[in-house]
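Enquirer: According to the UniProt record's numbering, the residues represented by the sequence shown are 1 to 484, in order.
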Amino acid sequence: MTHRLTAQNGAPISDDQNSLTAGARGPVALQDWHLIEKLAHFNRERIPERVVHAKGSGAYGTFTVTNDLSQYTIADHFQQVGKQTEVVVRFSTVGGEAGSADAERDPRGFAVRFYTKNGNHDVVGNNTPVFFLRDGIKFPDFIHTQKRNPATNLKDPQAMWDFWSLNPEALHQVTILMSDRGIPASYRHMNGYGSHTFSMWNNNGERFWVKFHFKTQQGIQNLSNEQADKLKGIDPDHAQRDLYGSIQDGDSPRWTLYLQIMPELDAEKYDINPFDLTKVWPHKDYPLIEAGVLELNRNAENYFNEIEQAAFAPSNLVPGVGASPDKMLQARLFAYADAQRYRIGANYNQLPVNCPHASQANHYQRAGAFAGTACPYHGDSKESGVNYGPNTQGGPEQSAQYAEPPLRLSGDLDRYDRFAEENFAQAGDLYRLMDESQQQALADTIAATLSQVTVEVQQRMLAQFAEADAGYAERVQQAIAKRS
Ligand code: NDP
Ligand code: HEM
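1. Rounded C-beta distance between Val52 and Ile183? I'm assuming under 8 Å.
2. Could you check which residue in Pro168, Met262, Trp164 and Ala24 has the C-alpha nearest to that of Ala420?
3. Quick one: what does DSSP say Glu264 is sitting in, helix, strand or coil?
4. Using the DSSP secondary-structure output, state which residues sit across from Phe424 in a beta bridge.
5. Can you list, in chain order, the residues of its chain whose CB lies under 7 Å from that of Trp209, leaving out five sequence neighbours each side?
6. If you reduce the DSSP assignment to three classes, tell me which class Leu259 lands in.
7. Report buried or exposed for Thr216, applying the criterion of at least 16 other Cβ atoms within 10 angstroms of its Cβ.
8. Taking Trp33 as the reference, which of Ala24, Ser14, Arg46 and Glu45 has the closest Cα?
9. Relative to the C-alpha of Thr116, which candidate in Ala337, Pro150 and Lys83 has its C-alpha closest?
10. Under the rule that 16 or more other beta-carbon atoms within 10 Å means buried, what is Asn126, buried or exposed?
11. Return yes when the Cβ of Leu442 is within less than 7 Å of the Cβ of Gln190, no when it is not.
12. Whose CA, out of Tyr348, Gln248, Tyr342 and Ala228, lies closest to the CA of Ala185?
13. Who are the Cβ neighbours of Ser484 in its own chain at under 8 Å, not counting the five residues just before and after it?
14. State whether the region 305-323 contacts the region 71-89, with contact taken as three or more CB pairs (one from each stretch) at a distance under 8 Å.
15. Return the CA-CA distance between Ala367 and Pro390, expressed in angstroms with no decimal places.
16. Which residue wins for smallest C-alpha separation from Gly95, given the options Val88, Val87, Val89 and Glu104?
17. Could you give the distance in angstroms between the alpha-carbon of Pro157 and the alpha-carbon of Ser165?
18. Can you tell me whether Ala11 is buried or exposed, with buried defined as 16 or more other CB within 10 angstroms of its CB?
19. Nearest to Glu404 by CA position, among Gln440, Phe212, Arg4 and Trp201, is which residue?
20. Measuring CB to CB, does Asn423 end up less than 7 Å from Pro396?
21. Does the ligand NDP have a heavy atom nearer than 6 Å to the CB of Arg181?
22. Give the C-beta separation of Ser315 and Leu333 to the nearest angstrom, bearing in mind that I take them to be a contact with Cβ-Cβ under 8 Å.
23. Quick check on the DSSP output: the beta strand (DSSP E) that includes Thr116 runs from which residue to which?
24. May I ask which residues mark the beginning and end of the alpha helix (DSSP H) holding Ser315?
25. Considering only heavy atoms of the ligand HEM, does any lie closer than 6 Å to the CB of His53?
26. Just reading off the beta strand (DSSP E) that Ser199 is part of, what are its end residues?
27. For Phe370, does the count of other Cβ atoms within 10 angstroms reach 16, so buried, or fall short, so exposed?
28. Could you check where the alpha helix (DSSP H) with Phe42 kicks off and where it finishes?
29. Any idea if Asn349 is buried or exposed, counting beta-carbon neighbours within 10 angstroms, 16 or more meaning buried?
30. Ends of the alpha helix (DSSP H) at residue 516?
31. Should Leu296 and Ile247 be called a contact, given that it needs their Cβ atoms to be closer than 7 Å?
32. Under the DSSP definition of a beta bridge, which residues are partnered with Asn126?
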């Protein structure tokens, strides 16, 4: 049965094809409120795109435990082999606008939400185990260099390399970005990493520091610069098409989740600062421990409602998974929910994709724009009940058993020099891990944009490459020379 077409107030519309006009040749009458409603709503179809990671693709699926981790965490979704938890995942590029091409050389976002029985747990990571920075205070500066120049409105290699040359902590991530893994063939053919160190605690109140690694079961596949350049013209949405199509065809992509786990006190004696986001924990020090399998098997029914309005946040933590002292993570704990209140609205967590699916939200927060939307997974939003706590009226109560064990901190409140950390060893390890053809491709890719910038910036970068590995600097220098 076809439904009758109505206006937003439910009134049937007699004619949706012709405006109300005085005579066949116009003009239009202001009393055509249906026309006005239609145009006015159309003007409001857009919300601000994400300030970073604006272009993305997502889907739902499941996480299945293959190894019980209850000795490390009370988190419900990591207990009992075979347990399944619903997930939603969004992949993205970082620097481009919502309409930009999927095949850009750029890190890929890899944001996973577990809808657990104790609330939504988000791991908002990238396809790289490290990041360009170790202090969130640098993030806006860095992103400005990845976006358009304010005068020319063009992407700006000079700004990009100028920034990297003055921020040597970026070299490890720059090396990954410029390597053959810098342009994944699709979202299905790349790994994902939580990147930061997180906290986990068990029933005995013991804390562990952990890192998340989602390893693709489809195999790593990448695009060369030439392949990517062609694809950007032929199909700028190739990664969206690939993900949506493979799920629609029943070919569900999967990743195995591994954790690296460090007992709390190891952090004090480990020679690598475990809370420095520019560093990995070498596998030989902290081997990968399997946790489960992430599978994506259901496309969203409405991209805007479920993927564009998805609001992932590192602050979406649950009992058994907490933050760490990582300075970047601390900044991110603020930034995401703040961005989402602006981008979507104060009650963004009431939307179906964002409200908890397997837990019920019961709190004393009230009102705000669009308050009163009931989470479809639980019906009644309980907004009419008692709105303060504690109370004697049977309102929701806190659950002391979920408290995170206390964390002992020391040190003077100060601004510590972020250059005091080591910057180059792991970039060198990665360079030496590559075979000769990968090293050459890395140098050629770097030279393609580094050759366009001032000699002063080139020199500073060459000095950084040399700190990582003398061969790295030589190859880049030669690749630049070939282009001049
Ligand atoms: P291992 O030899 O144990 O591991 C090397 C890792 O490097 C593997 O995870 C591999 O991923 C990954 N890798 C290979 N080529 C690239 C590339 N071009 N870009 C990004 N990652 C790549 O060594 P270590 O643990 O001692 O680490 C050595 C270096 O490997 C590090 O400095 C870091 O750059 C890189 N790395 C380390 C990771 C870690 O958590 N320890 C994670 C990812 C990278 P795969 O197994 O999927 O092929
Ligand atoms: C998106 C800020 C570092 C991964 C975003 C958004 C903001 C932001 C404001 C948009 C959120 C939204 O509107 O929904 C920051 C700040 C950082 C930082 C301030 C540093 C202090 C990182 C790091 C990673 C990362 C280190 C990965 C390890 C992502 C991802 C998204 C995102 C994957 C997109 C999530 C989605 O798909 O909706 N970031 N970011 N960011 N960020 Fe960050």
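The beta carbon of each residue, even a glycine, is placed where N, CA and C say it ideally should be.
Expert: With the given structure in hand:
1. About 18 Å; that fails the 8 Å criterion.
2. Its Cα nearest to that of Ala420, the residue Pro168 stands out among Pro168, Met262, Trp164 and Ala24.
3. When DSSP states are grouped into helix, strand and coil, Glu264 belongs to the coil group.
4. Secondary-structure assignment with DSSP links Phe424 through no beta bridge to anything.
5. So the list reads Thr197, Ser199, Met262, Glu264, Ala267, Pro274 and Ser324, once near-sequence residues are dropped.
6. Here Leu259 sits in strand by DSSP.
7. Result: buried.
8. The shortest C-alpha separation from Trp33 is found at Ser14.
9. For the set Ala337, Pro150 and Lys83, the Cα lying nearest the Cα of Thr116 is the one of Lys83.
10. Here Asn126 is buried: its Cβ has 16 or more other Cβ atoms, across all protein chains shown, within 10 Å.
11. Looking at the sequence provided, one finds Met at residue 190 rather than Gln. Pairing Met190 with Leu442 gives a Cβ-Cβ distance that is not under 7 Å.
12. Measuring from the Cα of Ala185, the nearest candidate turns out to be Ala228.
13. These residues qualify, in order along the chain: Ser451.
14. Contact between the region 305-323 and the region 71-89 is present, because at least three Cβ pairs lie under 8 Å.
15. The alpha-carbon atoms of Ala367 and Pro390 are separated by roughly 19 Å.
16. Nearest of Val88, Val87, Val89 and Glu104 to Gly95, Cα basis: Glu104.
17. Rounded to whole angstroms, the separation of the alpha carbons of Ser165 and Pro157 is 12 Å.
18. Burial check for Ala11: the Cβ neighbour count within 10 Å stays below 16, so the residue is exposed.
19. Of the listed residues, the one whose Cα sits closest to Glu404 is Trp201.
20. Against a cut-off of 7 Å, the Cβ pair of Pro396 and Asn423 comes out as no contact.
21. Yes, Cβ of Arg181 sits closer than 6 Å to a heavy atom of the ligand NDP.
22. About 5 Å separates the CB atoms of Ser315 and Leu333; that is less than 8 Å, so the two are in contact.
23. Arg108 to Thr116 is the extent of the beta strand (DSSP E) around Thr116.
24. Neither: Ser315 is in no alpha helix (DSSP H) and is coded neither H nor E.
25. Because some heavy atom of the ligand HEM lies under 6 Å away, the Cβ of His53 counts as near it: yes.
26. Element bounds for Ser199: Phe198 to Trp201.
27. Around the C-beta of Phe370, fewer than 16 other C-beta atoms lie within 10 Å, and the residue is accordingly described as exposed.
28. Phe42 -> alpha helix (DSSP H) spans Trp33 to Asn43.
29. Flag for Asn349 reads buried.
30. The displayed coordinates of the chain run from 1 to 484. Any statement about residue 516 would go beyond what the structure contains.
31. Taking 7 Å as the Cβ cut-off, Leu296 and Ile247 qualify as a contacting pair.
32. Secondary-structure assignment with DSSP links Asn126 through a beta bridge to Gly109 and Tyr193.
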